[in-house]
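Peer 1: Residue numbers (the numbering used here), protein chains in the order written: chain G, 1 to 552; chain E, 1001 to 1077. C-beta atoms are modelled at their ideal positions from N, C-alpha and C, and glycine is treated no differently.
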Amino acid sequence: MTATASSRFASISPVRVAYIRRLTPLGVLLAEYLAISLRFDIRPLAERADWLRALGELGAVGPLALAIATATVLFGGRQLQSELREALSTRPAGKEGSRGRIWMVLVVHGAAFGAFFALTQLLVRPAAAPSHLLALAWAGSGLTTLLTLVHLVLPLSSLVPLVRRRNRAVWVGAGIGVGAWAAGVWAERLWAPLAQATLVLAGGLLRAVGGDVSIDPATATLGVNGFEVIISPVCSGYQGIGLLLVLATAYLWVFRRELRFPVVLLVVPLGVVLVWLANSVRIASLMAIGAWRSPEIALGGFHSKAGWILFCAVALGLVAITRRSAVFHRRVRAERADAATWNPTAGYLMPLLALVAAGMLTTLFSSGFNVLYAVGPVAGAAAFWIYRRQRVQPVAIEWSWSACGLGIATFAIWVALEPTPDPEALAAFEHGLRALPPAAAALWLLCRFLGSVLVVPLVEELAFRGYLLRRLVSADFNCVPFDRFTWLSFLASSLAFGILHQSWLAGCLAGMLFALAQYHRGRLGDAILAHAVANLLIACSVLGWGRWSLWM
Amino acid sequence: MGDVRDSIQFQVAHTAFFGSLPRLDDGARSRRGLRLLRGAGFGHVPELDLTAVGSAVVLLLGGTLVVLGRRRHGKQT
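1) Does the Cβ-Cβ distance between A1056(E) and W504(G) come in under 8 Å?
2) Report all residues from its chain with a CB closer than 7 Å to the CB of A425(G); omit the five preceding and five following residues, and keep chain order.
3) Helix, strand or coil for W551(G) per DSSP?
4) For P130(G), I'd like the list of residues in its chain whose CB is within less than 7 Å of its CB, leaving aside the five on either flank, ordered along the chain.
5) Using a C-beta to C-beta distance shorter than 9 Å, which residues of chain E count as neighbours of M350(G)?
6) Which bits of chain E does F485(G) rub up against, with CB to CB less than 8 Å?
7) Could you tell me the alpha carbon to alpha carbon distance between G1039(E) and V395(G), rounded to whole angstroms?
8) Could you give the distance in angstroms between the alpha-carbon of A374(G) and the alpha-carbon of L106(G)?
9) Is any beta-carbon of chain E found at less than 8 Å from that of G210(G)?
10) Following the continuous alpha helix (DSSP H) through V213(G), name the residue where it begins and the one where it ends.
11) Report the neighbours of L318(G) on chain E: residues whose CB is nearer than 7 Å to its CB, in chain order.
12) With a CB to CB cut of under 7 Å and the five nearest residues on each side skipped, what residues in its chain are close to T544(G)?
13) Which of the three DSSP states, helix, strand or coil, is assigned to H501(G)?
14) Could you tell me the boundaries of the alpha helix (DSSP H) in which G359(G) lies?
15) Just to make sure I have the definition right: I need the residues of chain E whose C-beta is within less than 8 Å of the C-beta of P126(G). Which are they?
16) Hey, would you say I408(G) sits closer than 8 Å to L529(G), going by beta carbons?
17) Chain E beta carbons: is any one of them nearer than 8 Å to that of G311(G)?
18) Give a yes or no on whether the minimum CB-CB distance between A5(G) and chain E is below 8 Å.
19) Three-state secondary structure (DSSP) at G223(G)?
20) Taking DSSP's pairing of strands, which residues face V229(G) in a bridge?
21) Could you check which residue in A291(G), H531(G), A31(G) and G142(G) has the C-alpha nearest to that of E630(G)?
22) Are E430(G) and L550(G) close, meaning C-beta to C-beta below 8 Å?
23) Which value, in whole angstroms, describes the spacing of the CA atoms of T249(G) and L190(G)?
24) Quick check: what's the CA-CA separation for Y251(G) versus A313(G)?
25) If you count every other CB in all the chains shown that lies within 10 Å of the CB of Q518(G), and 16 or more means buried, which is it?
26) Helix or strand or just coil, what does DSSP make of L436(G)?
27) Inspect the CB distances between the stretch 470 to 480 of chain G and the stretch 358 to 368 of chain G and report whether three or more fall short of 8 Å.
28) Taking 8 Å as the threshold (beta carbon to beta carbon), is R547(G) in contact with chain E?
29) So the alpha helix (DSSP H) T569(G) belongs to, where does it begin and stop?
30) On the DSSP bridge assignment, give the partners of H520(G) in chain order.
31) For M360(G) and chain A, any beta-carbon pair shorter than 8 Å?
32) Determine, using beta carbons only, whether G177(G) and A326(G) come nearer to each other than 8 Å.
33) Which bits of chain E does V356(G) rub up against, with CB to CB less than 7 Å?
34) Can you name the residues that DSSP bridges to L259(G)?
35) So, helix, strand or coil for Y373(G), using DSSP?
36) Rounded to the nearest angstrom, what separates F113(G) and L30(G) at their Cα positions?
Pasting the structure below:
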């Protein structure tokens, strides 16, 4: 197994392997940054009366450093980019690249991170004394944590001469980065006026449909027929606008050779206006649902999901328009002429996207129990059928004892690691199911059973094992056999699968077992079978023993 | 045999793995999400429904990959 894995790993291009090795520390840095943020809330420090409050604002350093690094790479010029690529794709010479030196840096990094974690715990205590020594040790361990990882990405012996050689480009990039960060900080002043504009537009829309509307600009309160909400700045649509600007910029940059400039730049203001309008419509709809149908639905599923649905619709809609219109895109006519275009990615991903999109839409009008659950699996199955010709290898499922065994093992892990159910969520689920007439409840259970055992394993395995597992081996994933093993693809696809499940650890382990099922005989069908067996046992556990939390 | 959940080993393992990571879709996890992103320097992050965020990320990322896939394979028939 080890020899096979090793030789398969070597089949990836050496440059790509070098990139992966050198950039992995950045992933570690991000994970550590998020872990610290998840464990500790540093902002209460900013409310202290002593000098420690200055440390409470240090969270802003992350976005500033990111802005400077991104701007330097993007605007530093081709020479800097070329030298950076060269430095990242080659192993450092001499002692710098030796295993001993790398291990030494890793040990120092681990110790520094451990110290930083422990000192942060001391620092964020409400009763922490304002000690200069503590603050100094905290800053020192944090800086060491950062520098050791940067050193693994690009040794300081390479980084410092590179910065010296290209100091002008670095200054330009840093200036642009600081400017972008400062513009972002300044733009926060627009939150309040934008919230007022959203309030006025949402109120106008509600009046147009005959609502008895009350608006209090001082408290940003909007009311319709006695149902009132406060439009806080975070509901102004500002975040959506920011996110759209990021996505639109990335899209225009990645596809710059295919798009027609400068006319395509129109999508940026168009997207900003559409996102803001969509948010105003969302708030007006929320008010209408709350006033005329159900406040629970308005403030539950609708409030949290409608914004994301509308944002996705605007963002993906703009991409679709620019790719289908000859006004914005250079190759539209050529692609139309080539009627037999082929997109295997769609064949593997569209069923999952249809399932997720339908799930989001149906939970929009639910409050703890999704009565329209069946729509998701039907959409997933429909997409599986519609895009069947985009997949080169047909999906064939044959009996396999090993796949069944792995499915049973997955079930055992899933049940053992099941988080304690939330009593309120469980009660809402059971109440929703019991509120249905007996025939409708039976039909719902049947659809839930079939969706869970037949459709979900199919669409999830197509996406995670059929596509992602192989896409992480090669961009031409269609040419990668299903039994091709690499540590990166095995771990990353399992992690992605786990993150999308409520019980992330059980999800990661399940992803690994399904991948092993596929590796064993080199068949995607075996992963689907293992997944289906696990879900079948979960369904039996739910229906036989009433463990509803497994289906929530 | 008693319920595995009653065992000390299970309680310790559960606390270790889930003690600081509540469920994705409840309020506690939303507040964690809020704290996490605020700690990372984003002060205006509202209480997030991370299930909705996850679905949106899947749709946006998946949609992008499908577009990129068409670009890469579009000429192969």
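Peer 2: Taking the coordinates as given:
1) Against the second sequence, residue 1056(E) aligns to sequence position 56. Against the first sequence, residue 504(G) aligns to sequence position 504. It is not a contact, given that the beta carbons lie outside the stated cut-off.
2) If you number the first sequence from 1, residue 425(G) lands on position 425. Contacts found: G368 and M552.
3) On the first sequence, position 551 is the one that residue 551(G) refers to. DSSP places W551(G) in helix when its eight states are reduced to three.
4) Within the first sequence, numbered from 1, the residue matching residue 130(G) stands at position 130. For P130(G), where only same-chain residues beyond five positions count, the Cβ hits under 7 Å are D50, W51 and L52.
5) Residue 350(G) sits at position 350 when you count from the first residue of the first sequence. The contacting residues are G1062 and V1066.
6) As a working mapping, residue 485(G) is identified with position 485 in the first sequence. Correct list: empty, because the minimum Cβ distance to chain E is about 22 Å.
7) As a working mapping, residue 1039(E) is identified with position 39 in the second sequence. As a working mapping, residue 395(G) is identified with position 395 in the first sequence. Caution is warranted here: a pLDDT of 43 is assigned to G1039(E), below 50, making its placement in the model unreliable, and the coordinate value is therefore given only provisionally. Distance between the alpha carbons of G1039(E) and V395(G): 45 Å.
8) Start at 1 with the first residue of the first sequence, and residue 374(G) comes out as number 374. Start at 1 with the first residue of the first sequence, and residue 106(G) comes out as number 106. Taking the straight line joining both Cα atoms gives about 50 Å.
9) As a working mapping, residue 210(G) is identified with position 210 in the first sequence. No, G210(G) lies away from the interface with chain E (no Cβ there is under 8 Å from its Cβ).
10) On the first sequence, residue 213(G) is found 213 positions in, with the first residue counted as 1. Element bounds for V213(G): not the alpha helix (DSSP H) but the beta strand (DSSP E), V213 to D216.
11) Position 318 of the first sequence, counted from the start, is the residue given in the question as residue 318(G). Here the premise fails: no neighbours, minimum Cβ distance about 11 Å.
12) Your numbering for residue 544(G) matches position 544 in the first sequence. A quick correction: the sequence has Gly, not Thr, at residue 544(G). Nothing listed; no residue qualifies.
13) Start at 1 with the first residue of the first sequence, and residue 501(G) comes out as number 501. Three-state DSSP puts H501(G) in coil, outside helix and strand.
14) For the purposes of this step, residue 359(G) is taken as residue 359 along the first sequence, with counting starting at 1. Element bounds for G359(G): P344 to T363.
15) The residue you call residue 126(G) lines up with position 126 of the first sequence. Going along chain E, no residue has its Cβ under 8 Å from P126(G), so there is no contact; the nearest lies around 16 Å.
16) As a first step, residue 408(G) must be located in the first sequence, where it is residue number 408. As a first step, residue 529(G) must be located in the first sequence, where it is residue number 529. For I408(G) and L529(G), no; Cβs fall outside 8 Å.
17) Here residue 311(G) is taken as the residue at index 311 of the first sequence, counted from 1. Strictly speaking, residue 311(G) in this sequence is Phe, with Gly absent from that position. It does: the Cβ of F311(G) has a partner Cβ on chain E nearer than 8 Å.
18) To locate residue 5(G), count along the first sequence from 1; it is residue 5. Caution applies to A5(G), whose pLDDT of 40 falls short of 50 and renders its modelled position unreliable; the model cannot decide the point.
19) Looking up residue 223(G) in the first sequence gives position 223. DSSP places G223(G) in strand when its eight states are reduced to three.
20) Translated into the one-based positions of the first sequence, residue 229(G) becomes position 229. Its beta-bridge partners are L222(G).
21) Past the boundaries of the shown model lies residue 630(G); chain G is included only from 1 to 552, so the question cannot be answered.
22) Working through the first sequence from its first residue, we reach residue 430(G) at position 430. Working through the first sequence from its first residue, we reach residue 550(G) at position 550. In this structure, L550(G) does not lie closer than 8 Å to E430(G) by Cβ.
23) Taking the first residue of the first sequence as 1, we reach residue 249(G) at position 249. Taking the first residue of the first sequence as 1, we reach residue 190(G) at position 190. T249(G) and L190(G): Cα-Cα distance of roughly 21 Å.
24) In the first sequence, residue 251(G) corresponds to position 251, counting from 1. In the first sequence, residue 313(G) corresponds to position 313, counting from 1. Whole-angstrom Cα-Cα distance: 15 Å.
25) The residue you call residue 518(G) lines up with position 518 of the first sequence. By the 10 Å Cβ count, Q518(G) comes out buried.
26) The residue given as residue 436(G) occupies position 436 in the first sequence. Of the three classes helix, strand and coil, the one that applies to L436(G) here is coil, per DSSP.
27) no
28) In the first sequence, residue 547(G) corresponds to position 547, counting from 1. False, the Cβ-Cβ gap to chain E never drops below 8 Å.
29) Residue 569(G) is absent from the structure shown; chain G starts at 1 and stops at 552.
30) Taking the first residue of the first sequence as position 1, residue 520(G) is located at position 520. DSSP, once it has assigned bridges, lists no residue as partnering H520(G).
31) Absent from the structure is chain A; the protein chains it does hold are G and E.
32) Position 177 of the first sequence, counted from the start, is the residue given in the question as residue 177(G). Position 326 of the first sequence, counted from the start, is the residue given in the question as residue 326(G). No, these two residues do not count as a Cβ contact at 8 Å.
33) The residue given as residue 356(G) occupies position 356 in the first sequence. Here the neighbours are S1055, V1058 and L1059.
34) The residue labelled residue 259(G) in the question sits at position 259 within the first sequence. According to DSSP, L259(G) bridges with H329(G).
35) Indexing the first sequence from 1 puts residue 373(G) at position 373. Correct three-state label for Y373(G): coil.
36) Start at 1 with the first residue of the first sequence, and residue 113(G) comes out as number 113. Start at 1 with the first residue of the first sequence, and residue 30(G) comes out as number 30. Computed Cα separation, rounded: 13 Å.
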